[in-house]
Amino acid sequence: MLKFHFSIRTRSGQKIDTIAIIETDRDAAEHKLRQMYRQCAILHCEVWQKLAGEKQWQVAPTEDALTAAAK
1 MLKFHFSIRT RSGQKIDTIA IIETDRDAAE HKLRQMYRQC AILHCEVWQK
51 LAGEKQWQVA PTEDALTAAA K
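Dropping the structure here:
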């Protein structure tokens, strides 16, 4: 599982800096986000992953996140 941290602008113009969603891929995470915040604009997305045996999440390099999502 991956953790996606989104920064968005709501349809009313309010900026929300960190919304964390744990999901298997970015499409599923965006779907959940858009269910909560309809018509929002995604400003930034950061992917975090939990390494085997670790208790903490770490920022994942883009290519690692894409490989993990493909599995």
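If you use UniProt numbering, the sequence shown closes out at 71, no skipped numbers anywhere. Glycine included, C-beta positions come from ideal geometry on N, C-alpha and C. Please read all numbers here as calculations on a predicted model, not as lab measurements.
Proximity below 8 Å, CB of residue i to CB of residue j
i: M1; j: E30; result: no
Proximal residues to residue i (C-beta, below 6 Å), its chain only, five neighbours per side dropped
i: L66; result: Reliability of the predicted coordinates at L66 is poor, the pLDDT of 47 falling under 50, and the value obtained from them is presented with this limitation in mind. Hits under 6 Å: none found.
Helix, strand or coil at residue i [DSSP, three-state]
i: R26; result: helix
i: D58; result: Note that residue 58 is Gln in the sequence shown, not Asp. In the structure shown, Q58 sits in a strand (DSSP, three-state: E or B).
i: Q49; result: strand
i: R38; result: coil
Candidates the options: closest to residue i by CA position
i: F6; options: I19, Q58 and R38; result: I19
i: residue 73; options: W48, H44 and L43; result: The question about residue 73 has no answer, for the chain in this structure spans 1 to 71.
i: A60; options: G13, R26 and Q14; result: R26
Supposed close pair residue i, residue j - CB separation, criterion 8 Å
i: I21; j: L33; result: 6 Å
Cβ neighbours of residue i in the same chain (closer than 7 Å, five flanking residues each side left out)
i: Y37; result: I8 and T10
i: L51; result: Q58
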